[in-house]
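Written out below as structure tokens is the structure these notes cover.
Number of protein chains: 4
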Amino acid sequence: MRSAIETIADLGYAQASFARIAERAGLKSTGLISYHFAGKQDLQAEIVSFVLDDLSRWMHEQLAGVERADQALEGYIRALIAYMQTRSPHLRALAELLLHGGMSWDASDQASATSGLEDILRWGQETGTFRPFDVGVMAAAVQRSLDGLPLLQKGNPALDLDVYADELVELFRRATVVDGSAAKEDGKW
Amino acid sequence: MRSAIETIADLGYAQASFARIAERAGLKSTGLISYHFAGKQDLQAEIVSFVLDDLSRWMHEQLAGVERADQALEGYIRALIAYMQTRSPHLRALAELLLHGGMSWDASDQASATSGLEDILRWGQETGTFRPFDVGVMAAAVQRSLDGLPLLQKGNPALDLDVYADELVELFRRATVVDGSAAKEDGKW
Amino acid sequence: MRSAIETIADLGYAQASFARIAERAGLKSTGLISYHFAGKQDLQAEIVSFVLDDLSRWMHEQLAGVERADQALEGYIRALIAYMQTRSPHLRALAELLLHGGMSWDASDQASATSGLEDILRWGQETGTFRPFDVGVMAAAVQRSLDGLPLLQKGNPALDLDVYADELVELFRRATVVDGSAAKEDGKW
Amino acid sequence: MRSAIETIADLGYAQASFARIAERAGLKSTGLISYHFAGKQDLQAEIVSFVLDDLSRWMHEQLAGVERADQALEGYIRALIAYMQTRSPHLRALAELLLHGGMSWDASDQASATSGLEDILRWGQETGTFRPFDVGVMAAAVQRSLDGLPLLQKGNPALDLDVYADELVELFRRATVVDGSAAKEDGKW
DNA sequence: CATGAATGAGATTTCATTCAT
DNA sequence: GATGAATGAAATCTCATTCAT
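Chains as they are written, first to last, in this note's numbering: chain A, 3 to 191; chain B, 3 to 191; chain C, 3 to 191; chain D, 3 to 191.
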């Protein structure tokens, strides 16, 4: 499965045949893959749920103990970028499969990934930390800005991820903050 | 070529075989596609350049006569969303091909699409309309938020594009505006 | 037809498609070929008979007025090599078609080409100029040695055809001459 | 591979598609051929080297212990004809591939087949057994006369190979022997 | 004479999958 | 767990041929 993830991440969904996965895994036959997984869809589904579980666990760890919604949003952005740095192929493979695999895409996706973000945004609005905005649109903007990163890195490999994270945090702080809140500029927190 | 664009947009790059394109075009054989295009890569390249030309023309039309960078940014967002409404398959096919086709991806892409956006952002910073930020990151965030739209629509077909446009405009107005500028809120313009 | 001959000679029977022939002829469609010839076999048959006619005419010209069989044999060898020098593609195309086209191969071949040679050999034996040998085998040896030339030239483009001709003439003079005949060495003729 | 050799020998290079080879091999799909060989060129290359190896081994066996060049030449002719009798398809396939496959044709060919013959001829000239002649031309004549045999058989299936061998041996004995050598006629060997 | 659209057959090749070993 | 033979489907591409213009 590790080889499958890496192959999908490197070559893309369309090129990730059993033959190429087996090659990367050091296997001389694709038979073993078919033996362990019920089919290509099964393999894809297992990869998706594996990566989503791993990602979900990571996000919960990183966001534990957060007390305010703006901190949670910043933490979300930084945690996801940090995850990319350590498990970049996982996310690229996930994106490939969610986009192009004929996956169910049902509960798993929304529940684990994006709706966690929507929850944060809603929380911020309810506690008066965030201005009113459409939660779905804002969540999509954050999510897209984050998962566009691998693409950006392909075009510009020297990209500094820390700078990218800082910029995105500031971008969405300004986009979400309530109008009168000059807090950050005053350095109060 | 129209059939090819629609097929790629609907079924995705991986599923858009010559057979399916021919079927949609009402052809009884895939031979004619190979007859008109030198190969699959040629077809893809011609689609990309066709769509980029069309898109570039549209954007220039819509942004003609704009005098300030913030207006240009708003216009860029609204023009691209409007383009999606009229030529949705074009953009979806373009995204598929740029992401998964082994395309050259060279001058054409950056020049026509994203770097137009970067030019706007730089212009705004130089004229004092925009605060300092990393132009590349901001451009990527805008672009990703925009081309994530088709995906959003797939999950939520009832999505109101005008609302989406308004929200994005406001989001990135706040994200780019210079700190002291309370102008908009005062309703002066 | 000239383009067809050249294409077959240069690329070989298997690669000589209508498309490539049309290309060489400066045509933009293969339709015209199908219009002028009833089919691929028809084109092949017409090429074969055309080349055989041309070759037959040439050989008759060159061998006219010969009075002895040994002179005829030498003339045959030299005339065929000379023909190769001026109409090399004709012979190469002919060989390709006779070998690989599903041609009839009936009367035309034997009559015009080889059996002319066999006639010479039989004539020499009847007039006592040639020793007894199997006419078929000797004719095959001469013919093969001759039409192997293009192959030899491909491997060694600097080959001197005059030397080749001299060597073959001498080779087959010795192979055919009656035992006691020391005439040539004595320079009497 | 056996089926491939037979198919090429029987139908010729142009007609020997994977489908026909698979059919002869009793396979229900051509996929297996692509599975075992990297491509059509690979299959061809492997056939060529296999046949050349086999032929080379045979010729070395047959020519072992020969002490004079004229014996070697006679042995060469008889051994090759004998090989044709037992492994006719091998040689026909080899000829097809060397003529029409876009093969490398490099070392393997010359080394194993023809240049063995040239070595014999040179040896004979150095030891005074053979008259002076162009070794390349003579070798080509011998070789062509030999591999023209299958063609001859196609036109005349009743051909007696022993007679053919005898005739060729005598033909090239006379063509190569030094002028004064009356040895054979005296029956000394 | 010439073009270009169109077609059906067939070629090579890749793929997922099954199965015996 | 692992291999390799085998298969049928599908993909890209080429080809000869037809036909309307």
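Even for Gly, the Cβ is constructed at its ideal location relative to N, Cα and C. Quick caveat: nothing in here was measured; it's all calculated off a predicted structure.
Asked, Found
"Would you report the Cα separation of F20 (chain C) and A24 (chain B), rounded to the nearest angstrom?", "25 Å"
"Shorter than 8 Å from the beta carbon of M3 (chain A) to some beta carbon of chain B?", "no"
"Between G150 (chain C) and A142 (chain D), what straight-line distance do the alpha-carbon atoms span, to the nearest angstrom?", "7 Å"
"Taking beta-carbon pairs under 8 Å, can you tell me which members of the segment 67-92 of chain D lie near chain C?", "none"
"Looking only at C-alpha atoms, which of C:V179, C:A177, C:D136 sits nearest to D164 (chain D)?", "C:D136"
"Measuring only the C-alpha atoms, how far is V50 (chain B) from M3 (chain B)?", "11 Å"
"Would you kindly work out how many angstroms separate the C-alpha atoms of R59 (chain C) and E48 (chain D), rounded to a whole number?", "44 Å"
"Counting only Cβ pairs nearer than 7 Å, list the residues of chain C close to V165 (chain D).", "D136"
"From the beta carbon of H38 (chain B), is the nearest beta carbon of chain A less than 8 Å away?", "no"
"Check this for me: beta carbons of I83 (chain C) and A167 (chain C), under 8 Å apart or not?", "yes"
"Going by DSSP, what residue range makes up the alpha helix (DSSP H) through Y2 (chain C)?", "Residue coverage of chain C in this structure runs from 3 to 191, which leaves residue 2 (chain C) outside it and unanswerable."
"Please state if the CB of R146 (chain B) and the CB of S147 (chain A) are separated by a distance shorter than 8 Å.", "yes"
"So E69 (chain B) is in the alpha helix (DSSP H); what residue range does that whole segment cover?", "No alpha helix (DSSP H) contains E69 (chain B), which DSSP labels as neither H nor E."
"Between the Cα of N158 (chain D) and the Cα atoms of C:E69, C:A11, C:V139, which residue gives the shortest distance?", "C:V139"
"In terms of residues, what are the limits of the alpha helix (DSSP H) holding F20 (chain D)?", "20-27"
"Would you tell me roughly how many angstroms separate the C-alpha atoms of L57 (chain D) and G130 (chain C), rounded to the nearest one?", "41 Å"
"Go ahead and label H38 (chain C) buried or exposed: buried means 16 or more other beta carbons lie within 10 angstroms of its beta carbon, across all protein chains shown.", "exposed"
"Mapping the DSSP letters down to three states, classify F132 (chain A) as helix, strand or coil.", "strand"
"Under the rule that 16 or more other beta-carbon atoms within 10 Å means buried, what is A40 (chain A), buried or exposed?", "exposed"
"Going straight from the alpha carbon of L65 (chain A) to that of L54 (chain B), what length do you get?", "41 Å"
"Using a cut-off of 7 Å between C-beta atoms, extract the partners of V139 (chain C) located in chain D.", "Y166, E169, L170"
"When the cut-off is 8 Å and only beta carbons count, does S31 (chain C) lie next to chain D?", "no"
"Can you tell me whether D181 (chain A) is buried or exposed, with buried defined as 16 or more other CB within 10 angstroms of its CB?", "exposed"
"Determine the contact status of I122 (chain D) and A71 (chain D), defining contact as a CB-CB distance below 8 Å.", "yes"
"Candidates B:Q87, B:A97, B:Y78, B:P134: which alpha carbon is nearest L13 (chain B)'s?", "B:A97"
"Cβ of S147 (chain B) less than 8 Å from any chain A Cβ?", "yes"
"Nearest by alpha-carbon distance to T178 (chain C): which of C:L170, C:A160, C:R133, C:P152 is it?", "C:R133"
"Interface residues of chain A around A177 (chain B) at Cβ under 7 Å?", "L173, R176, A177"
"So, helix, strand or coil for D181 (chain C), using DSSP?", "coil"
"In whole angstroms, give me the CA-to-CA distance for G195 (chain D) and G77 (chain D).", "Past the boundaries of the shown model lies residue 195 (chain D); chain D is included only from 3 to 191, so the question cannot be answered."
"Please look up how many angstroms separate the CB atoms of G126 (chain C) and L75 (chain C), rounded, as I've assumed it's under 8 Å.", "7 Å"
"Considering only C-alpha positions, which residue in the set A:H92, A:M61, A:P152 is nearest to F52 (chain A)?", "A:H92"
"Measuring CB to CB, does A6 (chain D) end up less than 8 Å from L45 (chain D)?", "yes"
"With DSSP as the reference, label A40 (chain B) as helix, strand or coil.", "coil"
"Are the C-beta atoms of L154 (chain B) and some chain A residue less than 8 Å apart?", "yes"
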